[in-house]
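K.L.:
In the numbering used here, the protein residues as written are 357 to 676. The beta-carbon is built from N, C-alpha and C at its ideal position, and this holds for glycine as well. Input: one structure, supplied below.
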Amino acid sequence: MASPYTPQRAKQPSLSQLRAFAAVAEHLHFRDAAAAIGMSQPALSGAVSALEEALGVQLLERTTRKVLLSPAGERLAVRARAVLDAVAELMEEAEGARAPFTGVLRLGVIPTVAPYLLPAVLRLTHRRYPELDLQVHEEQTSSLLEGLAAGRLDLLLLAVPLGVPGVTELPLFDEDFVLVTEEGHPLAGRDDIPREALRELRLLLLDEGHCLRDQALDVCREAGRADGAEVTTTAAGLSTLVQLVAGGLGVTLLPRTAVTVETARDPALRTGSFTAPAPTRRVALAMRSGAARQAEFEELAEALREELAALPVRVLGPDA
């Protein structure tokens, strides 16, 4: 004779059946279980019976006085609770995904931007987006772009243009380059330095791989500096670079946002400005084209433009 719990056809249990069974397993009382999940007692009993039929096993031992879990019921109660917990987590995650500026945002930043802009970025996110879990990754441009394409990173903060297919840039600001020299240099402190002065200077630049190095070389080429002119590359970071300048090894170019941080520590350093139009770099957010969070990232870009307006930069509109 077939077991009364042998299912006639494959059938998936419903979430309401699992909730009913989990409640009975917890309370071992139909009335209390029904009250706990807001079901009528007959509906609860029917849901548990339907679950037993669907699974093909007896989950409960019912007597006139009490309800007991069968051996199979004890094992499956743990599974039912795990399924319900997982569904609850899924719903919480979906709710977070629907709400902007919640959950994790993995932001990649280049080293020549991070120390100077991150304080403003962090102030903004803490004040305006307290539910956002911002995770910062400082890497060079090529690594950031690889991370963005692979989905390891969500958004980048870096110098543009990138010219990379599938990447959308959200411009934030333009900033001038300044010339950093040691005290006593003929160009120290001047505010009328012609670009042509770069043709013969002993220029110190960052190592290969830093986009700021390439930008500085572009500025030098525009000034008429020969590609073969001496360029001493000995620094992995801007802090080291300016100390080499202070030591008399040459001069360098700094973006204006880096000047206060990098030159204030050494009185032997001086800065000079170029005549208009000064050489500049553009900083932007970059995202995957068509990103699911595009509207959120565009709103963040606009908020950042407002936050960064206090810096020595020229803030750009979204269509720049």
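Round the Cβ separation of Val413 and His385 to the nearest angstrom and send it over; I've been treating them as touching at under 8 angstroms.
P.N.:
With 8 angstroms as the limit, Val413 and His385 do not qualify as a contact, their Cβ atoms being about 21 angstroms apart.
K.L.:
Quick check: Thr608 and Leu560, are their CB atoms within less than 7 angstroms of each other?
P.N.:
Yes, Cβ-Cβ distance for Thr608 and Leu560 is below 7 angstroms.
K.L.:
Start and end of the alpha helix (DSSP H) containing Leu641?
P.N.:
From DSSP, Leu641 is part of no alpha helix (DSSP H) but of the beta strand (DSSP E) over 636 to 644.
K.L.:
Can you give me the start and stop residues for the beta strand (DSSP E) that Gln491 sits inside?
P.N.:
Taken as a continuous stretch (DSSP letters only), the beta strand (DSSP E) holding Gln491 covers 488 to 494.
K.L.:
Please list the segments of the beta strand (DSSP E) lying wholly inside the segment 479 to 534, counting only runs of 3 or more residues, in order along the chain.
P.N.:
Here the runs fully enclosed are 488 to 494, 511 to 516.
K.L.:
Would a C-beta distance cut-off of 7 angstroms place Leu509 and Arg462 closer than the cut-off?
P.N.:
Against a cut-off of 7 angstroms, the Cβ pair of Arg462 and Leu509 comes out as a contact.
K.L.:
Please go through the segment 593 to 642 and give each complete alpha helix (DSSP H) segment of 4 or more residues, from N-terminal end onward.
P.N.:
The segment 593 to 642 contains these whole alpha helix (DSSP H) runs: 594 to 602, 612 to 619.
K.L.:
Pick helix, strand or coil for Leu573, following the three-state DSSP scheme.
P.N.:
Three-state DSSP puts Leu573 in a helix.
K.L.:
Enumerate, from N- to C-terminal direction, the unbroken alpha helix (DSSP H) stretches of 4 or more residues contained entirely within the segment 365 to 396.
P.N.:
List check, alpha helix (DSSP H) in window: 371 to 383, 386 to 393.
K.L.:
Quick check on the DSSP output: the beta strand (DSSP E) that includes Glu417 runs from which residue to which?
P.N.:
That run of the beta strand (DSSP E) goes 416 to 418.
K.L.:
Thinking C-alpha only, which one of Val492, Ala392, Pro398, Ser401 is nearest Val469?
P.N.:
Of the candidates Val492, Ala392, Pro398, Ser401, the one whose C-alpha sits nearest the C-alpha of Val469 is Val492.
K.L.:
With burial defined as no fewer than 16 other Cβ atoms inside 10 Å of the residue's Cβ, what is the status of Pro611: buried or exposed?
P.N.:
The residue in question, Pro611, is buried, as its Cβ has 16 or more Cβ neighbours within 10 Å.
K.L.:
For Glu449 and Leu407, what's the separation of their Cα atoms in angstroms?
P.N.:
Near 27 angstroms, if we compare the C-alpha coordinates of Leu407 and Glu449.
K.L.:
Mapping DSSP to helix, strand and coil, what is Gly540?
P.N.:
Coil, per DSSP.
K.L.:
Tell me, please, which residues DSSP counts as bridged to Arg462.
P.N.:
Partner(s): Gln491.
K.L.:
Just reading off the beta strand (DSSP E) that Leu561 is part of, what are its end residues?
P.N.:
Per DSSP, Leu561 belongs to the beta strand (DSSP E) from 559 to 562.
K.L.:
How about Glu539 and Ala591: are their beta carbons less than 7 angstroms apart?
P.N.:
Not in contact: Glu539 and Ala591 (Cβ atoms no closer than 7 angstroms).
K.L.:
Which residue wins for smallest C-alpha separation from Val516, given the options Gln571, Arg661, Asp532?
P.N.:
With distances taken between Cα atoms, Val516 lies closest to Gln571.
K.L.:
Which same chain residues end up closer than 8 angstroms to Leu480 when comparing Cβ atoms and leaving out the 5 residues on each side of it in sequence?
P.N.:
Closer than 8 angstroms at Cβ, skipping near neighbours: Ala659, Leu660, Glu663.
K.L.:
Kindly indicate which residue of Leu501, Leu641, Asp574 has the alpha-carbon position closest to the one of Arg555.
P.N.:
With distances taken between Cα atoms, Arg555 lies closest to Asp574.
K.L.:
Distance, Cα to Cα, Leu600 vs Arg569?
P.N.:
Roughly 16 angstroms separates the two Cα atoms.
K.L.:
Considering only DSSP beta bridges, list what Leu425 is partnered with.
P.N.:
Beta-bridge pairing links Leu425 to Leu416.
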